[in-house]
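Beneath this line is the structure, given in structure tokens, with notes to follow.
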Amino acid sequence: VYQQRVSTEDFALDELYQVDHAPELYLNEIYDENASNESLAEKSLGSTLAHVDSARQLTTLT
Numbered sequence: 060v061y062q063q064r065v066s067t068e069d070f071a072l073d074e075l076y077q078v079d080h081a082p083e084l085y086l087n088e089i090y091d092e093n094a095s096n097e098s099l100a101e102k103s104l105g106s107t108l109a110h111v112d113s114a115r116q117l118t119t120l121t
């Protein structure tokens, strides 16, 4: 009985912790998602700039 009560208390405390830190955890998720989107955007921007550079070189040659 004691063990069951302890685990129930732990569970309740864990639930409280999750509710208390929910905005924080949610913001971390958003931050991670934004960071990965940013790196994707940087990669595509980099490739776009490379295309522009090669196009510019072609026009200066002709």
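Going by the working numbering, the sequence shown opens with residue 60, and the numbers climb by one from there. No residue lacks a Cβ here, since even glycine has one placed at the ideal position from N, Cα and C. Please read these numbers as outputs of a predicted model, since none were measured by experiment.
Nearest-angstrom Cα separation, counted from E97 out to L104: Cα to Cα, the separation comes out at about 10 Å.
Length of the line joining the Cα atoms of N87 and D73: Rounded to the nearest whole angstrom, the CA to CA distance from N87 to D73 is 19 Å.
C-alpha gap between E92 and Y85, whole angstroms: E92 and Y85 have their C-alpha atoms roughly 11 Å apart.
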